[in-house]
Amino acid sequence: MRVVTTAQTQELDVQPTPLALLLLGREADPRSERGVECPGDLPSPSDPDLVERARAAKEKLGSKVFVLGHHYQRDEVIQFADVTGDSFKLARDAAARPEAEYIVFCGVHFMAESADILTSDDQKVVLPDLAAGCSMADMATAEQVAECWDVLTEAGIAEQVVPVSYMNSSADIKAFTGKHGGTICTSSNAQRALEWAFEQGEKVLFLPDQHLGRNTAVRDMGMTLEDCVLYNPHKPNGGLTAEQLRDAKMILWRGHCSVHGRFSVDSVNDVRARIPGVNVLVHPECKHEVVEAADYVGSTEYIIKALEAAPAGSKWAIGTELNLVRRLANRFASEDKEVVFLDKTVCFCSTMNRIDLPHLVWTLESLAEGNLVNRIEVDRETEQFAKLALERMLALP
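The sequence shown begins at 35 in my numbering and counts up by one.
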């Protein structure tokens, strides 16, 4: 590696990019899913009174606060959640509690944005750590997607394309989807969203998770892998020819979940060898070959319900985030259900895990003292079009 000194940098007139500054911990971008500084003096993680402090602050706030806990959160945080669930369920739960002045979202940035879009103007959505983002959501920026649409326009197919964006995307991407006649989907209703999209047009631009798009199209809807092309925003024209774009039914964005993307066919084969009779259950954000090798595939809510319905004595290897798998293993141990993590390698969602007890305590105590911190607020125009895309999803049968 060649090291460039400050003098050399000045001589070459090299300017650091905004992303480089964010990754170096300098400057801030509230529209990004990462690199945003979190203000305030946090209590020490070793403080033995953290649990009691959180309980006292939440009790003081009473009905003014509603705490949402995503399934992937730590147990130390989940214990204070009024409701738990996936990102969209939580956003809807928040909208159903208009009396709550503060919505504390223990999740990541795009989830808090969705909650702000769906809640009333009187409600304030708070993210305990502004640096809790989503690497997948960061893989599709508004500028990149606008450039992609220009490529589709030049190829003469933009009018045939309907954008479908996964819930795990920024408000900007949801707004783009709404402006261009598309809809949002979750991992639970992706097939219905795609069916609707193909009723509106001939092709789908699926953002930002390639694996959910591919698995839904091929596994659930009978398309072939040849019907799908992968658009790489870091290559000219997405790395595709106009002919490839015209021939494709599914234009998949080159994005993925850093957690679910780690699972491999080797992981599946290994757990089958170690645990005879094991049922392999994975999330559809996993790679296509992993989904094909599994016994069952489904969303986070599907995974939970499958284990609830499973017979005593059954064995399960789960391919999703480790906090949830551990929680499920503990929950069902008394029912003689064996639940293990699909991979041998420990793999938490690193950004989701930024929400810890010190951040939650600091947030609740600040709110209890009348200090609004870490508010997530989507601007009016973005909210308008993002809400339009979300409402199209809600209207799906």
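Built from N, CA and C at the ideal position, the CB exists for glycine as well.
Query	Result
D243 vs H290 beta-carbon contact at 8 Å	yes
Three-way DSSP call (helix, strand, coil) for E378 in this model	Looking at the sequence itself, residue 378 is Lys, so the reference to Glu does not match. Coil.
Nearest-angstrom Cα separation, counted from S204 out to V314	31 Å
Contact with chain D by L398, beta-carbon distance below 8 Å	Looking at the structure shown, chain D is missing, and only one protein chain is on hand.
Where the alpha helix (DSSP H) through P392 begins and ends	391 to 402
Terminal residues of the beta strand (DSSP E) in which G119 lies	117 to 119
Beta-carbon contacts of L430 that lie in its chain and below 8 Å, excluding the five residues immediately before and after	T217, N223, R226, A227, W230
For S78 and G247, the rounded distance between their alpha carbons	42 Å
Alpha-carbon to alpha-carbon, D127 and D155	16 Å
For E233 and V436, the rounded distance between their alpha carbons	No answer is possible for residue 436: it lies beyond the span of the chain, which begins at 35 and ends at 431.
Short Cβ contact (8 Å threshold) for E342 with S221	no
Burial state of Q42, where buried means 16 or more other Cβ atoms lie within 10 Å	Annotation note: pLDDT 35 at Q42 (below 50); position unreliable, no value reported.
Three-state secondary structure (DSSP) of R409	strand
Secondary structure of L357, DSSP reduced to three states	For clarity, residue 357 is Asn in the given sequence; the question names Leu instead. In the structure shown, N357 sits in a helix (DSSP, three-state: H, G or I).
Endpoints, the alpha helix (DSSP H) within which M201 is located	No alpha helix (DSSP H) contains M201, which DSSP labels as neither H nor E.
First through last residue of the beta strand (DSSP E) which encompasses K283	No beta strand (DSSP E) contains K283, which DSSP labels as neither H nor E.
Cα-Cα separation between E417 and F240, rounded to whole angstroms	20 Å
Residue from E335, I338, V305, T334 with nearest C-alpha to A328	V305
Extent of the continuous beta strand (DSSP E) to which T258 belongs	Counting along the chain, T258 falls outside any beta strand (DSSP E), and DSSP gives it neither H nor E.
Inter-residue CB distance, A176 and F210 (contact presumed, cutoff 8 Å)	6 Å
Sheet register partners of W350 (DSSP bridge)	N313, V373
DSSP-derived helix/strand/coil call for H104	strand
For E415, the three-state DSSP class (helix, strand or coil)	helix
Start-to-end residues for the beta strand (DSSP E) that takes in T217	217 to 219
Assigned secondary structure, A192 (DSSP; H/G/I helix, E/B strand, else coil)	helix
Selection from S298, A282, L161, H245 that minimises the alpha carbon distance to L391	L161
Any 3 or more C-beta pairs closer than 8 Å across the segment 130 to 143 and the segment 256 to 263	no
Rounded separation between E193 and V407 - CA only	43 Å
Rounded separation between I410 and A146 - CA only	6 Å
Backbone CA spacing between E323 and V185 [nearest angstrom]	29 Å
Alpha-carbon to alpha-carbon, A351 and K421	37 Å
Own chain, CB closer than 6 Å to H294, minus 5 neighbours either side, in chain order	H317, E319, C320
Cβ pair count under 8 Å reaching 3, the segment 77 to 92 against the segment 387 to 406	yes
Backbone CA spacing between R360 and K92 [nearest angstrom]	26 Å
Exposure label - L286; buried when at least 16 CB within 10 Å	buried
Helix, strand or coil at K321 [DSSP, three-state]	coil
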